[in-house]
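Under the numbering used here, think of the first position of the sequence shown as 6, with each following residue one higher.
Below: one structure, written as structure tokens.
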Amino acid sequence: MRSSVPRAVPQAVDPRSANLRRHEGGQTVWRVQCGDLINRERCVTVFVDDSQVVLVGPPGETARMTGSQLGQLRTALNEAAKLAER
């Protein structure tokens with residue numbers, strides 16, 4: 006027997022940012038997975054501070070990104086830029 010409880014309509018989600026965006030400490034933060042030069046897992050963090058977009062790389066390291074990861078970073082930067090303009 007089917008339930009008559011209405012279901013929420015899922016919102017369209019950009020698959021490149023599906024698991025990137027989080028709310029931490031009252032602000033939106035994006036974390037994009039990447040690797041370093043010796044293939045250790047790292048991340049690049051994007052957030053907005055006083056109407057400016059802040060990009061934080063792995064401490065003292067290089068971020069090596071695949072095309073897919075670059076797409077995720079592009080999405081995060083675009084979303085952060087729109088948020089910074091508000």
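For glycine and all other residues, C-beta sits at the position ideal for the given N, C-alpha and C.
Write down the C-beta distance between residue i and residue j rounded to the nearest angstrom, noting that I regard them as a contact closer than 8 Å.
i, j, result
"threonine 80", "valine 53", "Not confirmed; about 15 Å, so no contact."
"valine 59", "alanine 86", "Valine 59 to alanine 86, Cβ: 12 Å. No contact."
Which residue or residues does DSSP assign as beta-bridge partners of residue i?
i, result
"leucine 60", "Val51"
"arginine 69", "Gly40"
"threonine 80", "None, per the DSSP bridge assignment."
"arginine 26", "Trp35"
"glutamate 46", "Gly40"
Would you mind sorting residue i into buried or exposed? The rule is 16 or more other CB atoms within 10 Å of its CB.
i, result
"valine 61", "exposed"
"leucine 25", "buried"
"glutamate 84", "buried"
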